[in-house]
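Chemist: Basically the numbering used here = 1-based index in the sequence shown + 14. Backbone N, C-alpha and C define an ideal beta-carbon position, used for all residues, glycine too. Keep in mind it's a predicted model, so treat the numbers as computed, not measured. Below you will find the structure I want to go over with you.
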Amino acid sequence: MNESAVSHYQAEIFIHAPMEQDVESPAAIRKPKLPKHVRDDLPKHLVEKDHHEKQKKKKIQRYVRKDGKCNVHHGNVRETYRYLTDIFTTLVDLKWRFNLFIFVLVYTVTWLFFGFAWWLIAYIRGDLEHIGDNQWTPCVDNLNGFVSAFLFSIETETTIGYGYRVITDQCPEGILLLLVQSVLGSIVNAFMVGCMFVKISQPKKRAETLVFSTHAVISMRDGRLCLMFRVGDLRNSHIVEASIRAKMIKSKQTKEGEFIPLNQTDMNVGYDTGDDRLFLVSPLIICHEINQHSPFWEISKAHLAKDELEIVVILEGMVEATGMTCQARSSYVSSEIKWGYRFTPVLTLEDGFYEVDYNSFHEIYETNTPSCSARELAEMTARARLPLTWSVASKLSQQGALYTDGGGGVPPPAEEKEKDEHTSLMEQTERNGDIANIESESKV
C-alpha cells in the first residue's frame, strides 16, 4: 500500500470520528491505530520514524534509582536457610508492617503457650475440680479456667503482678514453670525490643537529608574537562568522616569477546589528593577530572547523547548524634549529564554568617565548553604548543646530514626534496589551522 492510500485511510478515520470532543483534548489529537495489514504495507521511512519515536520514549533502566535504592532483585535463591542463621538482621531488614506483625505474634504466642502450660498444671493437679474449696491448696490461687491462666501468663512475663492470682509454695512444677517463663520472657523481650530499637534508629532515615543535584555537568575547570555534581546536607548536625565515591556502570565486551553486563569502573573524585574526604557543612561540588585514566576520556558531547551509561555516586559517613554509619546513594544516566553547564552558586555572605539558598541547589547555567572529547582536546592543546613556523632549509639540512653523516648514503634526489618540503609546509598549515580553530573557540 502506498502513502496516498494510507493518507486516505487516515482521512476516513478522522471524518467518521465523533466531533463532540474538544480540539485541545488529548483524545482528539491522538493518532488512530492502523490495522495490521495497513501497518505491514507502510513505507520504510515511516516505519523507521515510528521505531525511532518509540526508542525515544523507551524507559531508561537504572541500576540505582534517584532515591538511592538499588534496582536489583535476587531470584532463585536456594540457600534460604542462610536468612534464618542471621534472624536478627532478617527481621531488621523486613518492612515495617511485617516487623510489627512478627513483634505482636511472638508475644502473643509465648503468652498463649505458657498460659496453656499453667492451665494444664491446674487441670492435672485437679485445681479446676476444687474451685471454691477452702481446704484445697491450688498451684495458683484464683485460677479457674484457661482465660485466667492466660491472664496469669501475661502478668508473669510482663512482671505486672496485680496480686489477685499468685503461685503457692505447694506446687514445685509451677515454680519450675515460673523460672522457665521468666528466663524465656527476658530473652524474648531483649530480642524483640532490640530489633525494634535498631529498626527505629536505622541510619537510612538520616540519609534522607543528604541531597544530590538532579543533574551532573561537564565543563572546563582550570583548563581541563571535568564532570561535576553537587551534594548537600539539610541538617545542622554534621556527618563525621564523610567520604564520596563514584562509579560508572556500563556494559562492555573484552578483547576476548566476553560480554560483561553492568561493568563497574571506578571514577577518581580526589582519592589521591584527599578531596574525596568532605567537610560537609555547606553544599559542595564534587569534581572528577577527565584524564587518561577516566572512563570519559574518549567520550564527546555527541557520543554522550547516544551512549547508555550510568554514574552511581555514594556518600558515606558517621552520624554525629548516634555514631552509626549511614550511606546515601544516587545516580545519573547519560540524559541527566549536561555538557557545557555549571552549577549556580548557593552560598552568600550575610551579616556575620553564611547563608545557603537551597532553592538554587539544582540550578545550572550554560557556559562555553568544547564539544570534543578530552582526548581530542588534549591532542589539539599539545599541537598548539609546538612552534608555529618551521624552517624548510633546516629541515632539508637535517635530512642531508642524515644521508652524509649517517652511514655514507646517497643524498635524495631533487624530487624527493621537493616532496619533503611540500609535506613540511602542509604540516605547518595543519598546525596553524588547529591553533586558529582553538583561538576562535576560546573567543566564542
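Mapping DSSP to helix, strand and coil, what is Asp-107?
Modeler: In the structure shown, Asp-107 sits in a helix (DSSP, three-state: H, G or I).
Chemist: Check the C-beta distance from Phe-273 over to Met-210 and give it rounded, since I have them as a contact under 8 Å.
Modeler: The Cβ separation is near 46 Å, so there is no contact.
Chemist: Please report the straight-line C-alpha distance between Ser-215 and Gly-337, rounded to a whole angstrom.
Modeler: Their Cα atoms are separated by approximately 11 Å.
Chemist: Within 10 Å of its beta-carbon, does Glu-171 have 16 or more other beta-carbons around it, so buried, or fewer, so exposed?
Modeler: Buried.
Chemist: Would you tell me roughly how many angstroms separate the C-alpha atoms of Ala-392 and Thr-381, rounded to the nearest one?
Modeler: Cα to Cα, the separation comes out at about 20 Å.
Chemist: Just checking: is the beta-carbon of Gly-208 within a distance shorter than 8 Å of some beta-carbon in chain C?
Modeler: Considering every chain present, this structure includes no chain C. It has just one protein chain.
Chemist: From Ile-263 to Thr-279, what distance separates their C-alpha atoms?
Modeler: Their Cα atoms are separated by approximately 7 Å.
Chemist: Out of curiosity, what's the CA-to-CA distance linking Ile-325 and Asn-90?
Modeler: Cα-Cα distance, rounded: 28 Å.
Chemist: I'd like to know if the segment 181-192 and the segment 295-310 are in contact, where contact means that at least 3 CB-CB pairs between them fall below 8 Å.
Modeler: Verdict: no, contact absent.
Chemist: Over the uninterrupted beta strand (DSSP E) stretch that includes Gln-267, give me the two end residues.
Modeler: That run of the beta strand (DSSP E) goes 253-267.
Chemist: Which first and last residues belong to the beta strand (DSSP E) in which Ala-230 is found?
Modeler: Where Ala-230 is concerned, the enclosing beta strand (DSSP E) stretches over 230-235.
Chemist: Cys-153: which of Ile-138, Phe-164 and Val-161 sits nearest, CA to CA?
Modeler: The shortest C-alpha separation from Cys-153 is found at Ile-138.
Chemist: So, using beta-carbon positions, are Val-333 and Arg-220 closer together than 8 Å?
Modeler: Result yes, Cβ atoms of Val-333 and Arg-220 sit closer than 8 Å.
Chemist: Using 8 Å for Cβ pairs, my map puts Leu-361 next to Val-370. What's the rounded Cβ distance?
Modeler: Rounded, the Cβ-Cβ distance is 6 Å, consistent with contact.
Chemist: List the whole-angstrom C-beta distance separating Arg-244 from Val-78, where the pair is believed to meet the contact cut-off of C-beta under 8 Å.
Modeler: Arg-244 to Val-78, Cβ: 18 Å. No contact.
Chemist: Would the segment 312-326 and the segment 345-354 be scored as touching if the rule is three or more Cβ pairs under 8 Å?
Modeler: Yes, they touch.
Chemist: Do the segment 89-107 and the segment 190-202 make contact, defined as three or more Cβ pairs closer than 8 Å?
Modeler: The segment 89-107 vs the segment 190-202: no contact.
Chemist: Around the Cβ of Ala-319, are there at least 16 other Cβ atoms within 10 angstroms (buried) or fewer (exposed)?
Modeler: Counting Cβ neighbours within 10 Å, Ala-319 comes out exposed, since fewer than 16 surround it.
Chemist: List, from N- to C-terminal side, the beta strand (DSSP E) runs of 3 residues or more that fit wholly inside the segment 185-250.
Modeler: Whole beta strand (DSSP E) segments, 3+ residues: 224-226, 230-235 and 238-247.
Chemist: Residues in its own chain within less than 8 Å of His-59 by CB, not counting five upstream and five downstream?
Modeler: Because His-59 sits at a pLDDT of 49, beneath the cut-off of 50, its placement in the model cannot be relied upon, and the following sentence gives the value as read from the coordinates. Hits under 8 Å: none found.
Chemist: Counting C-beta neighbours from all protein chains within 10 Å, is the total for Val-161 16 or more, i.e. buried, or is it exposed?
Modeler: The residue is exposed, with fewer than 16 neighbouring Cβ atoms inside 10 Å.
Chemist: From which residue to which residue does the beta strand (DSSP E) around Leu-361 run?
Modeler: First-last of the beta strand (DSSP E) with Leu-361: 361-363.
Chemist: Buried or exposed for Leu-239, going by 16 or more other Cβ atoms inside 10 Å?
Modeler: Buried: at least 16 other Cβ atoms inside 10 Å.
Chemist: If you run the structure through DSSP and keep just helix, strand and coil, what is Tyr-355?
Modeler: Looking at Tyr-355 - three-state DSSP - the assignment turns out to be strand.
Chemist: Who pairs with Tyr-346 in a beta bridge, going by DSSP?
Modeler: DSSP output for Tyr-346 lists Ile-325 as bridge partner(s).
Chemist: Just reading off the alpha helix (DSSP H) that Thr-170 is part of, what are its end residues?
Modeler: That run of the alpha helix (DSSP H) goes 160-171.
Chemist: By DSSP, does Gly-331 sit in helix, in strand, or in coil?
Modeler: Correct three-state label for Gly-331: strand.
Chemist: Which residue from Thr-268, Pro-384 and Gly-331 puts its Cα closest to that of Ala-316?
Modeler: Ranking Thr-268, Pro-384 and Gly-331 by Cα distance to Ala-316 puts Pro-384 first.
Chemist: Quick one: what does DSSP say Val-118 is sitting in, helix, strand or coil?
Modeler: Residue state, collapsed to three classes: helix.
Chemist: Let me check one thing: in DSSP terms, what residues is Tyr-379 bridge-paired to?
Modeler: Paired residue(s): Arg-356.
Chemist: Counting C-beta neighbours from all protein chains within 10 Å, is the total for Lys-261 16 or more, i.e. buried, or is it exposed?
Modeler: Burial call: buried.
Chemist: Which class does Phe-273 belong to by DSSP, given the choice of helix, strand or coil?
Modeler: In this structure, Phe-273 counts as strand in the three-state DSSP scheme.
Chemist: For His-144, report the span of its alpha helix (DSSP H) as first-last.
Modeler: Element bounds for His-144: n/a, residue is neither H nor E.
Chemist: Start and end of the alpha helix (DSSP H) containing His-302?
Modeler: Not the alpha helix (DSSP H): His-302 falls in the beta strand (DSSP E), residues 298-303.
Chemist: Can you list, in chain order, the residues of its chain whose CB lies under 8 Å from that of Val-295, leaving out five sequence neighbours each side?
Modeler: If we look at Val-295 and ignore the five residues flanking it on each side, its Cβ neighbours are Asp-247 and His-252.
Chemist: Suppose contacts are defined by Cβ-Cβ distances below 8 Å. Is Ser-314 in contact with Ser-387 by that definition?
Modeler: Cβ distance < 8 Å, so Ser-314 and Ser-387 count as in contact.
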